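Asker:
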Amino acid sequence: MVEPFHHIDIHSLTLDELSGVVNLYPWYAAARLELCRRMFSMGENAWTEEEFAAQALYVGDRSKFSQLVRDRRQVSCADKDVSALMAAYMEPSVTEQPMHSVRVVGGDYFSQAQYDKVREGGDNVFSRFAAKPRTEAPAVNTETEAIANRFATETLAQIFVEQGCYEEAKRIYSRLVLDIPEKSAYFASLIEKLDHLD
Numbered sequence: 000m001v002e003p004f005h006h007i008d009i010h011s012l013t014l015d016e017l018s019g020v021v022n023l024y025p026w027y028a029a030a031r032l033e034l035c036r037r038m039f040s041m042g043e044n045a046w047t048e049e050e051f052a053a054q055a056l057y058v059g060d061r062s063k064f065s066q067l068v069r070d071r072r073q074v075s076c077a078d079k080d081v082s083a084l085m086a087a088y089m090e091p092s093v094t095e096q097p098m099h100s101v102r103v104v105g106g107d108y109f110s111q112a113q114y115d116k117v118r119e120g121g122d123n124v125f126s127r128f129a130a131k132p133r134t135e136a137p138a139v140n141t142e143t144e145a146i147a148n149r150f151a152t153e154t155l156a157q158i159f160v161e162q163g164c165y166e167e168a169k170r171i172y173s174r175l176v177l178d179i180p181e182k183s184a185y186f187a188s189l190i191e192k193l194d195h196l197d
């Protein structure tokens with residue numbers, strides 16, 4: 000003979016009995032939801048958010064559970080502290096003067112002052128380039144030199160490279176290094192390629 004089903008009213012159980020039911024039947028969502036409601040009603044120190052999140056894993060329909068969490072997180076939007084907050088932000092702070100620093104977007108990551116702080120005596124990387132004496136001054140057409148001085152563009156330098164006038168292209172790239180410092184590494188690599196072509 001089959002024993003009749005005994006109905007238990009979970010609302011009338013004590014907290015310990017309810018915890019026992021939840022431990023015995025972990026997928027009994029109604030009992031778990033009732034346990035969470037009671038823990039919510041006990042206050043903020045009863046369970047942490049992690050414990051509530053662990054309980055939510057066992058509940059199939061989390062809409063009632065999320066409503067409990069939302070009710071707990073009600074934020075006061077009163078304007079009682081606005082005047083003190085505005086006064087704190089509106090007062091000019093004379094004690095702290097921020098150090099003015101200029102950062103060039105796309106430029107070097109470190110400033111020249113920062114390079115000078117870490118530079119040592121033997122750190123002159125570019126000394127081998129400066130030590131090379133120029134062998135002879137190339138014969139440059141004065142009209143070509145006038146054009147190069149007026150219009151120093153990368154396109155003009157590329158035209159000179161295509162025509163085989165590598166020295167004029169190097170001179171334009173050198174000028175572009177000074178005019179556009181954020182592209183200095185790019186132009187330096189083009190000058191190095193031209194050195195290999197010579």
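Using numbering that gives the first Met the number 0, the first residue of the sequence shown is number 0, and each one after it goes up by one. Using N, Cα and C, we set each Cβ at its ideal position, and we do this for glycine too. Predicted model only: the values in this text are computed from it and were never measured.
1. Beta-carbon within less than 8 Å of Gly179's beta-carbon, same chain only, minus the 5 sequence neighbours each way: which residues are those?
2. What does a CB cutoff of less than 8 Å around Ser18 pick up in its chain, not counting 5 residues either side in sequence?
3. Assuming Leu14 is part of the alpha helix (DSSP H), what are its boundary residues?
4. Would Arg205 and Leu67 be called neighbours here (beta carbons separated by less than 8 Å)?
5. What is the C-beta distance between His159 and Ala168, in whole angstroms, given that I count them as a contact (C-beta under 8 Å)?
6. Spatial neighbours of Pro25 within its chain, please: C-beta separation below 7 Å, excluding the five flanking residues on both sides.
7. Short of 7 Å in beta carbon distance, which residues of its chain neighbour Tyr165, apart from the five on each side in sequence? Order them along the chain.
8. Can you find the residues in the same chain that come closer than 7 Å, C-beta to C-beta, to Trp46, ignoring five residues on each side of it along the sequence?
9. Are Val21 and Leu12 closer than 8 Å when you measure CB to CB?
10. Do you know how far the Cα of Ala86 is from the Cα of Thr154?
11. Where does His6 fall in DSSP's three states?
12. Which same chain residues, not among the five before or five after Leu32, have their C-beta less than 7 Å away from its C-beta?
13. Taking the alpha-carbon positions, what's the Glu49 to Ala55 distance?
14. By DSSP, does Leu56 sit in helix, in strand, or in coil?
15. Between Tyr247 and Ala184, is the Cβ-Cβ spacing less than 8 Å?
Answerer: On the basis of the supplied data:
1. Taking the first residue of the sequence shown as position 1, residue 179 is located at position 180. One detail in the question is off: residue 179 reads as Ile in this sequence, not Gly. Excluding five sequence positions before and after Ile179, the CB atoms of its chain that fall closer than 8 Å to its own CB belong to Phe186, given in chain order.
2. Sequence index remark: in the sequence shown, residue 18 carries index 19 (1-based). Leu34, listed in sequence order.
3. Numbered from 1 along the sequence shown, position 15 holds the residue referred to as residue 14. First-last of the alpha helix (DSSP H) with Leu14: 14 to 23.
4. Beyond the ends of the chain as shown, which are 0 and 197, falls residue 205; an answer cannot be given.
5. Walking along the sequence shown from the start, residue 159 turns up at place 160. Walking along the sequence shown from the start, residue 168 turns up at place 169. Per the sequence shown, the amino acid found at residue 159 is Phe instead of His. Confirmed, about 4 Å.
6. Reading the sequence shown from its first residue, position 26 is the one you call residue 25. Within the same chain, Pro25 has close Cβ partners Tyr57.
7. Here residue 165 corresponds to residue number 166 of the sequence shown, with the count starting at 1. Within the same chain, Tyr165 has close Cβ partners Leu193, Leu196, Asp197.
8. Position 47 of the sequence shown holds residue 46. Once the five neighbours on either side are set aside, the close Cβ partners of Trp46 are Met38.
9. The count along the sequence shown starts at 1 and reaches residue 21 at position 22. The count along the sequence shown starts at 1 and reaches residue 12 at position 13. Against a cut-off of 8 Å, the Cβ pair of Leu12 and Val21 comes out as no contact.
10. For the purposes of this step, residue 154 is taken as residue 155 along the sequence shown, with counting starting at 1. For the purposes of this step, residue 86 is taken as residue 87 along the sequence shown, with counting starting at 1. Answer to the nearest angstrom: the Cα atoms are 57 Å apart.
11. Sequence index remark: in the sequence shown, residue 6 carries index 7 (1-based). Here His6 sits in coil by DSSP.
12. As a first step, residue 32 is located in the sequence shown; it is residue number 33 there, counting from the start. Around Leu32: Val58, Lys63, Phe64.
13. Counting from one through the sequence shown, the residue named residue 49 turns up at place 50. Counting from one through the sequence shown, the residue named residue 55 turns up at place 56. Approximately 10 Å, taken between the alpha carbons.
14. The residue labelled residue 56 in the question sits at position 57 within the sequence shown. In this structure, Leu56 counts as coil in the three-state DSSP scheme.
15. Within the shown structure, residues of the chain are numbered from 0 to 197, placing residue 247 beyond reach of any answer.
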